[in-house]
Structures are given as C-alpha cells and as structure tokens.
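I have placed the structure first, in the form of structure tokens, so that the comments after it can refer back to it.
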Amino acid sequence: MSVFGLALLALVALGLIGTGLPAFVVLIGVSILGAVVAMLSGSLPTELLSALPGRLVNLLESDLLQALPLYVLMGVLLDRLEVASAIFGTGMALMPRRFGAPLVCGLGLGAVMSPMNGSVGASVLSLARSVSPRLAARGVAPATRHAVIAVAATFGVVIPPSLVLILLGDAMLTAHTIAANLAHRSEQIINTQNVFRAALVPAALLVLLAMSIAVWIGWRQRNDSPGETPRDLLVPRQVALASISVVLLVALLGGVTAGYFYAVEAAAIGAFTLLVIGVACGQLRGAVLRRTLADVMATTGALFALLVAATTLTLVLRIYGTDRLVGEWIAALPGDDRAIAATVLAAIGVVAFVLDAFEIIFVVVPIVIPPLLVRVADAPWVAVLVLLALQTSFLLPPFGYALMMLRTALKETVPLRDVVRALAPFLVAQLAVLALVLTMPALVHLLDPPAALAADSAPLSDEEVNRRMNELLAPPEEGESK
Amino acid sequence: MNAWLERLDRALGRALDWGAWLVLPVVTLLFLQWPLRDLVHGYSREANDLGQWLFALYVAMAVTVATRAHTHLAADLIARGYSPRLRVTVARAGALIGIVPWALFVLYAGSRTIANSVAGFESFPDTFNPGYFLIKIAMGLLALLALVQALIDLLRPRVPA
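Residue numbers (this note's numbering), protein chains in the order written: chain A, 28 to 509; chain B, 576 to 736.
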C-alpha cells in the first residue's frame, strides 16, 4: 500500500493542473480520499488520523510561523509605500547611462526587495508594477523584461532572510533531527541561522553572475536602443526611502546572521519600521490602511492554508508508509554524497514543475530529506542545494511559477520561445551555481564560525561520545549547586 | 433561505474584517520581544505568549478570508479555458468532498482536546502564562469557519454564466 501514497502525490499534481482548484483544496481533497481508502482497507493504522488536531495546534503555536504575516505585511508595505520605485529610481540616477543599467538596477532591486517580500508571487507583482514600465521606456525588449523581472523576483528564495529560507530552515531542523536519530549520529542539528549563513555565498555568486549577464545583454543590444533615454534625477524623498530600506535590510540580515536577534524578530522589526514610516508619512490612513490589512490577511491565509493542507496530507502518507518507502529507495541509491544529492534534487526539480516552493517545503521535504540526510550528513549543504533547485524550478519554462505569474501580471503576450531565449543565459548561470555548490560543498561553509568548522572537520569517535555523555551525566560537584 | 444565507455571509465577512486588525498587535508584540529581552531584561516571554495566541486567532480567520478573497494559490492555466459553469461545479465539488468532511473531522477529533483545555483554562506549558487554551480554540475556529464558508458556497444559488 506504500505505493498508493505515491499515487496520491501524483493525483495531487493531476488535480492541481486539471481542476484549477486552489492547492489547499486539492491537497485536502486528496487527503480525504486517501483516508477513506485507508479506512476501507481495514489494514492500515488509521488511528493516526486522530493526531491531526494536535498537529494543527502545533502549527498555530509555532514560533517560526509567526513570521508569515510579518513577511506578508512587509511585502505589502514595500509595495504600498512605493519603496521599489524609490530604489529603482535612485539606482538609475546613480548608475552610468549604459543600456544595461536598467537591467542591473532591476536585478539589484530584486536582490534587495525579494527577501523582504512574502513570496515569489508578491515579488513578481511588485517588480512587474514598478520596474517593467521603466524598462519598457528605455527600449528593453518585452522578452528581456520578462526574463529579468522573473529572475529578480526569485532572488528571495536564496537570499536571506526570506520567508522560504525560514520555512525551509524549520523543515530542515525537523528532517535533520529525524535523520540524526535514525543514523545514531551525534551532531549539531541545523537551524535557521545555519541555513542563512550557508546560503549567503551561493546567493551572492548568483546575483553577481546575473548582473554580469545583464551588463553583457546591455552591451549586445546597445545598438537597438531608441537613442536618448530619459534620465532619472535624484529625488530627495526617493533617496531617503531607498536608503532606509536598504540599510534596514542589511541591518536585519547582519543581525540575524550574527545572532543578535531571531529571524522572526528581524521580520517583526522590518514590518514594524515600515508600518511606522507609512503612518508617519500619512500614506497609511483610513481606507488605505484597511485595504492593506485586508490584503495581508488574505495572503497570510493562503500561505497558512497550504500548511494546514500539507500537514493533513503528510499524515495520510504516513499511514500508508510512503515516507518509509521513499526512505528505502534513497537508502538503496548507489554512489557518493554528490550522486545521491543530485538524484534527490532532480526529483524535487521534477515535482517543482507542478508544486510551489511552499508546497514542496511542507509536503515533499518531510518525505525525502530525512532519508537523504541519513546518507548525507552535511545538512547546510543539502539545504542550499534544495533552495537553488527550487529557485531554478520557478524559472523553468513553460510552467515555472515566476514565469506564469509574470505573464498574468504584465498582461502582455510574449512568445514563449522569445522568453526562453532571453532567460537562457540566466538559467545557465543558475545551473552553474547549482553545479558549483554540488561539487564544492565547502562553498556553503565559508561563513561558518570557527568552532563549527572544527566540529565538522573532526567527527566524534564512539569513545569521545561516551566520554561527553558521562560528563553530562556526572553528578555536580559540591559547591556547584550553591 | 437565500436571505438567511446572505445575512450569514455578511455577518461572517464583518467578523473577519475585524480580525484583520489583529496583525497590528501581533507585529507590535513580536517587535517588542527583542528590546524587552535585551534591554529591559524581562517580559519578553509574556510578549511572545500574547503574540502567539493572537497569531493563532489571526491565522485561524485568515484561511477563510483567503477563500473569500480568492487568494489561495492555484495552477489554473488549463482551467481558465473551462466554462464558468464547469468551474463553479468543480469548486463546489472541492468544497463538498474536501473541505466539508475535513472540517467536520477536525471538529469531531479535536472537540475533546478543546473542551478539556477550556475547562482547565490551560496555561502555556513552558512559561505558565495564561491563554494557551485560546490556541486550542483557534484550531476549532479554523475548522468551523472553513466549514461555514464551504456550506455558504455550496448552498449559494449558482451565478448565471
């Protein structure tokens, strides 16, 4: 019956594409079907279903999930307060007047804003509104606009402190704990900060590569420019808003990475600061404030509904033993760490054609990552590989989520072939970074604190583990208790 | 029947509109955690617990708000080509065979947990601050609101295509 669980996953994919129903409804509908079949079979542990209310309470009391409305609020406020336009305008005024400048500014804006937005979808909408008209005014071809905005919007998947990173950090913590217990390994369990640190260098590489490609595109298309393009002037209000936003992001990122505050607190500081700025500037009053709060609640609800539905489905899959089946398959994979990780990543990449990042984190990661971490001990490396695979999947034509969202947001028909051609160099860059991280795991450990490096490089012997356990269990000396 | 349904729909909408304001105290309390912990050296756990049950009530309502606002994530590239009549039928089928049984099960399976928690005014297990029972109530509220909304959508007369 374990295979039936995989059939349920396939049914989720079919249901999503075929019915057009919200993913939340499809996941719950398939869960109900699975539960009914399990009850009718009479041979499965359906009493596990009674754990569902408890699991929902776990979601509601999760400290980490409090970040959901905070990030969504930040995303909506960044849009309402026209921060994107301010950063883009200031960047354009400061950049040399080259044809590639708007593309570089658009990517830079994505690198700054996407981590603070609630989701890739929010980033796509915000960048489409603020950047696309400005790129069009400078003669950038529609396909190139699509490619640059889609790439910029997905930066939030890999640049800390994004919501995807926080949620993956939590999922990785659970997966790593299960794996360490299963493998009887004594090791430091990964946390959100580890994921942040690990993702920074690959993310920086990715942004630099993308910007280099933008400069190259600009150089190639310099002759297609429609002559004099409008020059952006430095507007004091825009400069102030852009400066505050960039400083805020750098401070939040630095504070979380250095351990001054937790990721949720960073999100709260960001959201609170933007809220105060909005109220102080008079831009968040009356109907505007009410509409802002309504938008935040509707988006938060959409994300939380996915969590609820994924929690239900994973419980049903557990009844079928699908997690154990996948575990056995991964345990039987031949090859070294890189080959095993590449195989699992490829599977995640295929799933990402139909599932969003949040669905993958909540449905797929709990099933495939624990057995992967039993085979591969480097959890931060695995986390970054998953992030890079997710980001790439958002951009893969024809169903890449960012591309689909962008087509809807821009409301302009661009032949898919042209978009693919414009996107190709960026996809090559992403695959290059993915391959680099896959072959050089040390890249994700460059920012590890020295103690962690020493601990990682010297695995504990059984004797050392016993010695440390004895130390922990030893009775306190007299005086220590006083 | 229709008038009764409309009144229920409007009452639900008004209640959920008020819920949207809860995000302001949630943001403020979670923001205050850091200065309370590192500068005041106190009350950060209280701020966290208060923020926690407000968050629970907020997201319990937010799921139904998302349903009413049609913001749930969906891959409807193919379904956009369906007739409006077919899309309404599919949506009703989703509510009938998905949301309604799910919500009923959560309410049934969680009723004892909620009742015991409320009867004992359950406190937070780590800090012993009051109000943990509100998180259990939020779990029931989430399912109840989803059920009511699904029933409203099922019973509402079909909009002519």
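We treat Cβ as the ideally placed atom computed from N, Cα and C, and that holds for glycine.
Here alanine 650 (chain B) has no same chain residue with a Cβ atom under 6 Å from its own Cβ, once five neighbours each way along the sequence are excluded. A direct Cα-to-Cα measurement between alanine 366 (chain A) and valine 391 (chain A) gives close to 19 Å. Among the CB atoms of chain A, none fall inside 9 Å of the CB of isoleucine 727 (chain B). It is roughly 8 Å from the alpha-carbon of leucine 443 (chain A) to the alpha-carbon of proline 424 (chain A). The three-state secondary structure of alanine 404 (chain A), taken from DSSP, is coil. Shown here, alanine 359 (chain A) sits in coil according to DSSP, grouped into three states, outside any helix or strand.
Pairing glutamate 621 (chain B) with isoleucine 193 (chain A), the inter-Cα distance amounts to about 23 Å. Of all residues in the segment 272-296 of chain A, only Phe288, Val291, Glu292, Ala295, Ile296 come within less than 7 Å of chain B when Cβ atoms are compared, listed by chain position. Proximity of chain A to tyrosine 618 (chain B) at the Cβ level (cut-off 7 Å) is not reached, the minimal Cβ distance being about 15 Å. Under the DSSP assignment, phenylalanine 680 (chain B) falls in the alpha helix (DSSP H) whose first and last residues are 675-694.
Shown here, alanine 379 (chain A) sits in coil according to DSSP, grouped into three states, outside any helix or strand. In the three-state reduction of the DSSP assignment, proline 610 (chain B) falls in the helix class, which pools H, G and I. Beta-bridge annotation (DSSP): proline 49 (chain A) is paired with B:Ala649.
Residue contact with chain A for valine 681 (chain B): present (Cβ-Cβ distance below 9 Å to some residue of chain A).
Closest in C-alpha terms to alanine 207 (chain A), from the list A:Pro398, A:Ser420, A:Gly281, comes A:Pro398. Chain A places a beta carbon closer than 9 Å to that of leucine 648 (chain B), counting this residue as a contact. The beta carbon of leucine 372 (chain A) is closer than 6 Å to those of Leu412, Ala416 in its chain, skipping five residues each way along the sequence.
The continuous stretches of alpha helix (DSSP H) do not include cysteine 308 (chain A), and DSSP gives it neither H nor E.
Scanning its chain for C-beta atoms nearer than 6 Å, with the 5 sequence neighbours on each side dropped, one finds around leucine 450 (chain A) the residues Ala174, in chain order. Pairing glycine 196 (chain A) with leucine 382 (chain A), the inter-Cα distance amounts to about 19 Å. Annotated as distal: alanine 684 (chain B) and serine 89 (chain A), with beta-carbon spacing of 9 Å or more.
If you check each beta-carbon in the segment 593-607 of chain B against every beta-carbon of chain A, the ones closer than 9 Å belong to Gly594, Ala595, Trp596, Leu597, Val598, Leu599, Val601, Val602, Thr603, Leu604, Leu605, Phe606, Leu607. Nearest neighbour of phenylalanine 703 (chain B) by Cα position, chosen from B:Leu625, B:Val663, B:Ile727, turns out to be B:Leu625. Per DSSP, reduced to three states, the secondary structure at valine 262 (chain A) is coil, with no helix or strand assignment. Around the Cβ of proline 468 (chain A), a 10 Å sphere holds 16 or more other Cβ atoms; the residue is buried.
Setting aside the 5 residues that flank it on each side, alanine 406 (chain A) is surrounded in the same chain by Met199, His203, Ile217, Leu400, each with a C-beta closer than 7 Å to its C-beta; the list follows chain order.
Glutamate 109 (chain A) and valine 315 (chain A) have their alpha carbons spaced roughly 14 Å apart.
Between valine 335 (chain A) and leucine 60 (chain A), the C-beta gap is not smaller than 9 Å, which leaves the two residues out of contact.
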